[in-house]
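Line by line, the protein sequences are chains X and B. Each residue of the first sequence is one higher than the one before, counting from 1 in our numbering. Each residue of the second sequence is one higher than the one before, counting from 1 in our numbering.
2 protein chains.
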Amino acid sequence: MRIEGKTSLSELRTDPITGHQVLIAEDRAGRPNDFASPESASGDQAECPFCAGHESLTPEPLLETAGASGQWQVRVVPNKFPAVSLGQQEFAQPTISTLGMLPQSPDGAHEVFIESPRHIQDITELSIAELTLVLQAYRERLRFWSTDERIHHATIFKNVGVAAGASLEHIHSQLLALPEIPPVMATELQHSQRYFEENKTCVFCQLLEEELTHRERLVVDADSFVAFCAYAGRQPYETWILPRKHSASFEHLSDADMEPLAEILRQVVERLQAQLSPLSYNLILHTAPFHKRHADAYHWHFELVPRSTTSAGFEWGTGMFINPLAPERAAARLVVSG
Amino acid sequence: MRIEGKTSLSELRTDPITGHQVLIAEDRAGRPNDFASPESASGDQAECPFCAGHESLTPEPLLETAGASGQWQVRVVPNKFPAVSLGQQEFAQPTISTLGMLPQSPDGAHEVFIESPRHIQDITELSIAELTLVLQAYRERLRFWSTDERIHHATIFKNVGVAAGASLEHIHSQLLALPEIPPVMATELQHSQRYFEENKTCVFCQLLEEELTHRERLVVDADSFVAFCAYAGRQPYETWILPRKHSASFEHLSDADMEPLAEILRQVVERLQAQLSPLSYNLILHTAPFHKRHADAYHWHFELVPRSTTSAGFEWGTGMFINPLAPERAAARLVVSG
Numbered sequence: 001m002r003i004e005g006k007t008s009l010s011e012l013r014t015d016p017i018t019g020h021q022v023l024i025a026e027d028r029a030g031r032p033n034d035f036a037s038p039e040s041a042s043g044d045q046a047e048c049p050f051c052a053g054h055e056s057l058t059p060e061p062l063l064e065t066a067g068a069s070g071q072w073q074v075r076v077v078p079n080k081f082p083a084v085s086l087g088q089q090e091f092a093q094p095t096i097s098t099l100g101m102l103p104q105s106p107d108g109a110h111e112v113f114i115e116s117p118r119h120i121q122d123i124t125e126l127s128i129a130e131l132t133l134v135l136q137a138y139r140e141r142l143r144f145w146s147t148d149e150r151i152h153h154a155t156i157f158k159n160v161g162v163a164a165g166a167s168l169e170h171i172h173s174q175l176l177a178l179p180e181i182p183p184v185m186a187t188e189l190q191h192s193q194r195y196f197e198e199n200k201t202c203v204f205c206q207l208l209e210e211e212l213t214h215r216e217r218l219v220v221d222a223d224s225f226v227a228f229c230a231y232a233g234r235q236p237y238e239t240w241i242l243p244r245k246h247s248a249s250f251e252h253l254s255d256a257d258m259e260p261l262a263e264i265l266r267q268v269v270e271r272l273q274a275q276l277s278p279l280s281y282n283l284i285l286h287t288a289p290f291h292k293r294h295a296d297a298y299h300w301h302f303e304l305v306p307r308s309t310t311s312a313g314f315e316w317g318t319g320m321f322i323n324p325l326a327p328e329r330a331a332a333r334l335v336v337s338g
Numbered sequence: 001m002r003i004e005g006k007t008s009l010s011e012l013r014t015d016p017i018t019g020h021q022v023l024i025a026e027d028r029a030g031r032p033n034d035f036a037s038p039e040s041a042s043g044d045q046a047e048c049p050f051c052a053g054h055e056s057l058t059p060e061p062l063l064e065t066a067g068a069s070g071q072w073q074v075r076v077v078p079n080k081f082p083a084v085s086l087g088q089q090e091f092a093q094p095t096i097s098t099l100g101m102l103p104q105s106p107d108g109a110h111e112v113f114i115e116s117p118r119h120i121q122d123i124t125e126l127s128i129a130e131l132t133l134v135l136q137a138y139r140e141r142l143r144f145w146s147t148d149e150r151i152h153h154a155t156i157f158k159n160v161g162v163a164a165g166a167s168l169e170h171i172h173s174q175l176l177a178l179p180e181i182p183p184v185m186a187t188e189l190q191h192s193q194r195y196f197e198e199n200k201t202c203v204f205c206q207l208l209e210e211e212l213t214h215r216e217r218l219v220v221d222a223d224s225f226v227a228f229c230a231y232a233g234r235q236p237y238e239t240w241i242l243p244r245k246h247s248a249s250f251e252h253l254s255d256a257d258m259e260p261l262a263e264i265l266r267q268v269v270e271r272l273q274a275q276l277s278p279l280s281y282n283l284i285l286h287t288a289p290f291h292k293r294h295a296d297a298y299h300w301h302f303e304l305v306p307r308s309t310t311s312a313g314f315e316w317g318t319g320m321f322i323n324p325l326a327p328e329r330a331a332a333r334l335v336v337s338g
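Okay, structure coming up:
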């Protein structure tokens, strides 16, 4: 194929040698960016598509939650510049290749959770009641996709700060629903499934027990949830939050657990803010694939990855990470700042 | 273990669930940084440890190449803040775990190639003769490690610019020699070995043939080397440079090939500079493990990854990449700017 004259290309490609899965998504180059020059947090609220009063700048909502004032408090909309989407998609006729270089259609759904009508940036600016509404919206959208046979997995993630890849500063998260299980989840499932077969128990439950016994990486030990610094954290202060009780799927979380989850999440972010300023981070919800698979072996959790170091040739070349702060030392500092 | 009071921790950890390999390297937190505040390229040559006249600021050289003037032109030294090192290492007594969370000693070698006595930043500021000396130094250090039975693989990489994770701006590369094959190389070897078994030919040779036939991603087509945009490039303008003739190991490169390699490398970087300003990139040398393994199936090459987008929750959560520029469009632009 020749690219000249073609409008935006949209394909999913898998490299035959490296195995990299790459979404070629030229449409996304046109999306708005508060941080067009790396260090300028513009925060131009007059143009923010997520602020109250600017609803016409986003597609029709998939979900709207009413807040205390009667105005919407959480608003879920399709991503206007989606990385993936459902339905017939045109893509370029592939070049004949014996290497299996056959681009796939980038199927899936890409949604945005606008987590407040106010132009704020982080969850510590939400009340516990407001953050609870956000978590309920996560659950509702996961429940929605869990019944769609075309979709096998969904990831919810949040980018806070330029260093974490945020393009808009107004508080929001994203949901990515995919017809295949993405590589990170496939690896976790493989390891947890193998552990389950060998030990007849969930590897995360075992990890929780060990972290609660040794306590050297423990950050918050609450009634229903536990937060600890990850044993092999990829960045300083990488923190995981798990439910104490075994549960593979976030969409099965009970109403009663919603507020305690909001509380521990807020507490962890507050403690991180006390150590890292400004705090940039990615928050990622890891939950089991849909359609009742892996229910015994997997355990949903949040991975919160503060972004203070830049990946370099070392990481790109080896696939390994360098973390200049021991997770035990990070946890000790987070406990003190609690 | 309790971390309080312990001095710098240095361990290699593998997460039992995610499989992440992480070097906990607290010593590295103290290394010098030209870019302590993200956007300030200080360029304070008075303090640069790599400039001529400051040789006492680095360890004793492992290799010194004389330049035209009789002064050293390329100087290879042990990294003063190594991510890995050989020899008996103390590390904390691990917590008892049933999860195989047993930290390993971070064995290996970490070297720095100081590529000019002058305080310059990119290879386009080197003459072809000077860049040839750099490539010869790569080959010499790889030959050195290829005879060490403790070492199974070495990666050479270069970080140019803050966005690519550089901490010092003075032109340099790094070599990381490891007792195990790192994850990125393990995946490439697995795919190329399987292709070889099924097809009795090298997957990279086949890829070269296809790229040279279709030409849609071709950037430079020289006598001994070929450069093309990667089919599943992870970042806009990701470019690979391969020798035409099958060869698994960079250390077997002939003297006659050194200057042509310097030429194509410089040409590719010049073309990238014409498209991206400022150009930040990682250059990574992928070469086969030592001790004559994978000689038929693997094919050494450079991967040059310009860094213009920041990884975000999408990449950390899924392990997939989003590239907003089709590799075919990138190649068309690089050809025009040639």
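Using N, Cα and C, we set each Cβ at its ideal position, and we do this for glycine too.
Given a cut-off of 7 Å, decide if residue j and residue i are closer than it, judged by their beta-carbon atoms.
i	j	result
R143 of chain X	E251 of chain X	yes
N323 of chain B	I24 of chain X	yes
A227 of chain X	I264 of chain X	yes
F81 of chain X	R28 of chain X	yes
A326 of chain X	A288 of chain X	no
P236 of chain B	A332 of chain B	no
L253 of chain B	R141 of chain B	no
V305 of chain B	E238 of chain B	yes
Q121 of chain B	E47 of chain B	no
L261 of chain B	F225 of chain B	yes
T339 of chain B	G317 of chain X	One cannot answer for residue 339 of chain B here, as it falls past the ends of chain B, which runs 1 to 338.
P49 of chain B	L57 of chain B	yes
T132 of chain B	M258 of chain B	yes
R217 of chain B	E210 of chain B	no
H20 of chain X	R234 of chain B	yes
V152 of chain B	F290 of chain B	With the sequence shown as reference, residue 152 of chain B is identified as His, and Val is not the correct amino acid for it. The answer is yes: Cβ separation under 7 Å.
A297 of chain B	S192 of chain B	yes
H301 of chain X	L207 of chain X	no
A232 of chain X	W240 of chain X	no
Report the neighbours of residue i on chain X: residues whose CB is nearer than 7 Å to its CB, in chain order.
i	result
H20 of chain B	A232, R234, F321
V184 of chain B	G317, T318, G319
E188 of chain B	I17, T18
I155 of chain B	For the record, residue 155 of chain B in the displayed sequence is Thr; it is not Ile. Within chain X, the residues near T155 of chain B are G317, T318.
Run through the DSSP bridge pairs and tell me what residue i is partnered with.
i	result
D221 of chain X	X:V226
K80 of chain B	DSSP lists no partner for K80 of chain B.
I322 of chain X	B:L23
V112 of chain X	X:V77, X:Q174
A66 of chain X	X:W72
I241 of chain X	X:A227, X:F302
R13 of chain X	X:V22
Q104 of chain B	B:L12
Can you name the residues of chain B whose CB is closer than 7 Å to the CB of residue i?
i	result
E26 of chain X	P324, L325, A326
N282 of chain X	A312, G313, W316
L272 of chain X	Result: empty, since nearest Cβ-Cβ is about 16 Å, beyond 7 Å.
N159 of chain X	A312, G313
L9 of chain X	A326
Residues of chain B with CB under 8 Å from residue i, in chain order?
i	result
S97 of chain X	E210
Q174 of chain X	G313, F314
V305 of chain X	W316
V203 of chain X	P16, I17, L99
A295 of chain X	Neighbours of A295 of chain X on chain B: none; closest Cβ ~17 Å, over 8 Å.
Give the interface partners of residue i over in chain B, defined as CB-CB distance under 9 Å, in chain order.
i	result
M101 of chain X	L207, E210, Y231, A232
Give me the chain X residues within the contact set of residue i, using Cβ-Cβ distance strictly less than 8 Å, ordered along the chain.
i	result
S192 of chain B	I17
R13 of chain B	Y231, A232
L23 of chain B	M320, F321, I322, N323
F50 of chain B	Those within 8 Å of F50 of chain B in chain X number zero; the least Cβ separation is about 17 Å.
T132 of chain B	The contacting residues do not exist; T132 of chain B stays about 21 Å from chain X at best.
A29 of chain B	P324, L325
Touching by the beta-carbon criterion (3+ pairs, under 8 Å), the region 265 to 283 of chain X and the region 155 to 165 of chain X: yes
Touch test, the region 102 to 116 of chain X against the region 217 to 226 of chain X, Cβ-Cβ under 8 Å, three pairs minimum: no
Whole runs of the alpha helix (DSSP H) within the region 122 to 188 of chain B, excluding any shorter than 4 residues: 128 to 146
Stretch-stretch touch, CB-based, cutoff 8 Å, three pairs: the region 176 to 190 of chain X with the region 100 to 109 of chain X: yes
Sequence ranges, alpha helix (DSSP H) only - wholly within the region 255 to 316 of chain X, length at least 4: Qualifying alpha helix (DSSP H) stretches, in chain order: 255 to 275.
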